[in-house]
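Chemist: For reference, the structure I am asking about is given below.
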Amino acid sequence: MYPIFTIVHRTRRSFLSLGRTALHWCKWTFRRRAWFILPALFLVSACEGRQSVLDPSGADARRLYDLALVLFVGAAVLWLLVGGLFVYVTRINPRAMSRRAAEALIIGGGVIFPVVLLGGLLIYSLPLMSAQRSAPDGMRIHVTAEQWWWRVEYELPDGSRVTSANELRLPVGQRTGLVLNAQNVIHALWIPALGGKADMIPGRETYLSFLPEKVGIFRGQCAEFCGASHALMAFEAVTMTPDAFAEWLDAQAKDALVPETPAAIRGAEVFAREGCGACHTVRGTPATGLVGPDLTHVGGRVSLGAGILGVTIDDFANWLGHTDALKPEVDMPTYDFLSQDDLIALAAYLEGLK
Ligand code: CUA
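Residue numbering for the sequence shown follows the working numbering, beginning at 8 and increasing consecutively.
Set out below in structure tokens:
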């Protein structure tokens, strides 16, 4: 164990060197400072975007953003004042002080001021915790995390559900509730631009709600390490006007389109022959599997493979032929044994399921 005076000595020495660094910074020329400030500006400019907490597009994300800003400014004020006071008395104006003045400085600057400031920040932030758990006034969506994709079910007013996957559609201006669950391990749902995150725990429902403010496509990501392909477990959150959302949901509730082009018709035959329906559902066909994502309208989604590919015929063919390379340890087998013509036909069939 360190003798106590060694600790005191080292602490004093590191504080003094901190003071020296701060003083040094104050003396720096603007040109030298620019070397630090410019890269920081570039970093900040990268904060804009569809997967950023610093570019909020929903009421919940905006509340978190405001909270972060207030806490950051409060912390900066505290740090600058206490640090500045320290630099002033140790470096800029070091002189002997009466015991009374020293005590007033330590108790006022080191105890009372931080307690008042941090207490104020606490009082400001506590009520926001309950606001983050606002009850939904719109529809409920059930999202189940699977290995490594998202099962998404929209609950209709009559209690029936419309099943989709790997994409979350939300109406703007309504608070939609999410009922979260997981199939096998703990995952977490997070759409940084729309709000906070929540764990998804097997056998236990958790809840989250979002009130999107802007029409757009935002990126969601699993935020809890869940295995080999955790980083490849993303999805798109599409926010729409209420009318467009209602129209979209009506279309989603319908059965799959019947293939019409020769390639898609052949693709449907390959789908049936290879037994894809054992794992996947395509409503309106004999395929009723529940293991993998519902494919009834897979061609109309924004992404494929839970946010890792687009939805062109090439993307479908790429996915079918390289599942294990694109998403390590995924349950979906690789169909690299299919002839090139069969693979393209299958891809054309799936792409056509709008
Ligand atoms: Cu699912 Cu990480």
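We treat Cβ as the ideally placed atom computed from N, Cα and C, and that holds for glycine.
Do the CB positions of Phe2 and Thr183 come within less than 8 Å of each other?
Modeler: No statement about residue 2 is possible, as the shown extent of the chain runs from 8 to 361 and does not include it.
Chemist: Using C-beta distances below 6 Å, list every residue in its chain close to Gly307, excluding the 5 sequence neighbours before and after it, in chain order.
Modeler: The sequence position of residue 307 within the sequence shown is 300, counting from 1. Cβ within range, chain order: Lys361.
Chemist: If we count Cβ pairs, one from each stretch, closer than 8 Å, do we get three or more for the stretch 142-154 versus the stretch 103-114?
Modeler: no
Chemist: According to DSSP, is Asn325 helix, strand or coil?
Modeler: By 1-based counting over the sequence shown, the position of residue 325 is 318. Here Asn325 sits in helix by DSSP.
Chemist: With 16 other CB atoms within 10 Å as the buried threshold, where does Glu212 fall?
Modeler: Taking the sequence shown and counting its residues from 1, the one referred to as residue 212 is at position 205. Exposed.
Chemist: Please name the residue, chosen from Leu353, Glu267, Arg147 and Leu85, that lies closest to Pro178 on a Cα-to-Cα basis.
Modeler: Position 171 of the sequence shown holds residue 178. Out of Leu353, Glu267, Arg147 and Leu85, Arg147 has the C-alpha closest to the C-alpha of Pro178.
Chemist: Closest to Tyr161 by CA distance: which of Val150, Ala279 and Trp155 is it?
Modeler: On the sequence shown, position 154 is the one that residue 161 refers to. Comparing Cα-Cα distances from Tyr161 to each of Val150, Ala279 and Trp155, the minimum goes to Val150.
Chemist: With burial defined as no fewer than 16 other Cβ atoms inside 10 Å of the residue's Cβ, what is the status of Phe225: buried or exposed?
Modeler: For the purposes of this step, residue 225 is identified with residue 218 of the sequence shown, where counting begins at 1. By the Cβ-count criterion, Phe225 is buried, with 16 or more other Cβ atoms from all chains shown falling within 10 Å of its own Cβ.
Chemist: Mapping DSSP to helix, strand and coil, what is Ser64?
Modeler: Taking the sequence shown and counting its residues from 1, the one referred to as residue 64 is at position 57. In the structure shown, Ser64 sits in coil (DSSP, three-state: anything other than H, G, I, E or B).
Chemist: Residues bridged to Lys204 by DSSP?
Modeler: Taking the first residue of the sequence shown as 1, we reach residue 204 at position 197. DSSP lists Trp197 as partners of Lys204.
Chemist: Report all residues from its chain with a CB closer than 7 Å to the CB of Ile208; omit the five preceding and five following residues, and keep chain order.
Modeler: Indexing the sequence shown from 1 puts residue 208 at position 201. Counting only Cβ-Cβ distances below 7 Å, and skipping sequence neighbours, we find Ala189 and Ile193.
Chemist: DSSP three-state call for Leu316: helix, strand or coil?
Modeler: Stepping through the sequence shown from its first residue, residue 316 is reached at position 309. Looking at Leu316 - three-state DSSP - the assignment turns out to be strand.
Chemist: Based on the DSSP output, what are the partners of Tyr131 in its beta bridges?
Modeler: Residue 131 sits at position 124 when you count from the first residue of the sequence shown. Paired residue(s): none; Tyr131 is not in a bridge.
Chemist: Give me the Cα-Cα distance between Phe323 and Arg70, rounded to the nearest whole angstrom.
Modeler: Sequence index remark: in the sequence shown, residue 323 carries index 316 (1-based). Sequence index remark: in the sequence shown, residue 70 carries index 63 (1-based). Distance between the alpha carbons of Phe323 and Arg70 is about 39 Å.
Chemist: Start and end of the alpha helix (DSSP H) containing Leu350?
Modeler: Numbered from its first residue, the sequence shown carries residue 350 at position 343. Segment Gln347 to Glu358, the alpha helix (DSSP H) holding Leu350.
Chemist: Compute the minimum distance between the beta carbon of Cys233 and the heavy atoms of the ligand CUA, and state whether it is under 7 Å.
Modeler: As a working mapping, residue 233 is identified with position 226 in the sequence shown. Yes - the ligand CUA has a heavy atom lying nearer than 7 Å to the Cβ of Cys233.
Chemist: Between Ala205 and the ligand CUA, is there a pair consisting of the residue's CB and a ligand heavy atom that are separated by less than 7 Å?
Modeler: Sequence index remark: in the sequence shown, residue 205 carries index 198 (1-based). No - the ligand CUA has no heavy atom lying nearer than 7 Å to the Cβ of Ala205.
Chemist: Secondary structure at Tyr72, three-state DSSP: helix, strand or coil?
Modeler: One-based indexing of the sequence shown puts residue 72 at position 65. Three-state result, Tyr72: helix.
Chemist: Check this for me: beta carbons of Val318 and Val245, under 8 Å apart or not?
Modeler: Residue numbering aside, residue 318 sits at position 311 when the sequence shown is read from its first letter. Residue numbering aside, residue 245 sits at position 238 when the sequence shown is read from its first letter. The answer is no: Cβ separation not under 8 Å.
Chemist: Let me check understanding here. Comparing Cα to Cα, which of Gly116, Ser167, Val89 and Leu74 lies closest to Leu135?
Modeler: Position 128 of the sequence shown holds residue 135. The option with the nearest alpha carbon to Leu135 is Leu74.
Chemist: Nearest by alpha-carbon distance to Val96: which of Val80, Ile113 and Ala83 is it?
Modeler: Position 89 of the sequence shown, counted from the start, is the residue given in the question as residue 96. Per the Cα distances, Ile113.
Chemist: Alpha carbon to alpha carbon, what distance is there between Gly180 and Ala355?
Modeler: Taking the first residue of the sequence shown as 1, we reach residue 355 at position 348. Taking the first residue of the sequence shown as 1, we reach residue 180 at position 173. Straight-line Cα distance between these residues: approximately 36 Å.
Chemist: For the alpha helix (DSSP H) that Ile113 lies in, which residues bound it at each end?
Modeler: Residue 113 sits at position 106 when you count from the first residue of the sequence shown. Unbroken alpha helix (DSSP H) run through Ile113: Arg106 to Ile114.
Chemist: Give the single residue among Leu256, His237 and Asp206 whose Cα lies nearest to the Cα of Arg168.
Modeler: Numbered from 1 along the sequence shown, position 161 holds the residue referred to as residue 168. It is Leu256 whose Cα lies nearest to the Cα of Arg168.
Chemist: Going by DSSP, which residues form a beta bridge with Ala142?
Modeler: Position 135 of the sequence shown, counting from 1, holds the residue named residue 142. Answer is none; Ala142 lacks a bridge partner.
Chemist: Would DSSP call His304 helix, strand or coil?
Modeler: To locate residue 304, count along the sequence shown from 1; it is residue 297. Three-state DSSP puts His304 in coil, outside helix and strand.
Chemist: May I ask you to report which of helix, strand or coil DSSP gives Phe12?
Modeler: Walking along the sequence shown from the start, residue 12 turns up at place 5. Because Phe12 carries a pLDDT of 49, less than 50, the predicted location of this residue cannot be relied on, and the following value inherits that uncertainty. Helix, per DSSP.
Chemist: Using CA atoms only, rank isn't needed, just tell me which of Ile99, Ser64 and Ser59 is closest to Val222.
Modeler: Stepping through the sequence shown from its first residue, residue 222 is reached at position 215. Nearest in C-alpha terms to Val222, of all of Ile99, Ser64 and Ser59, is Ser64.
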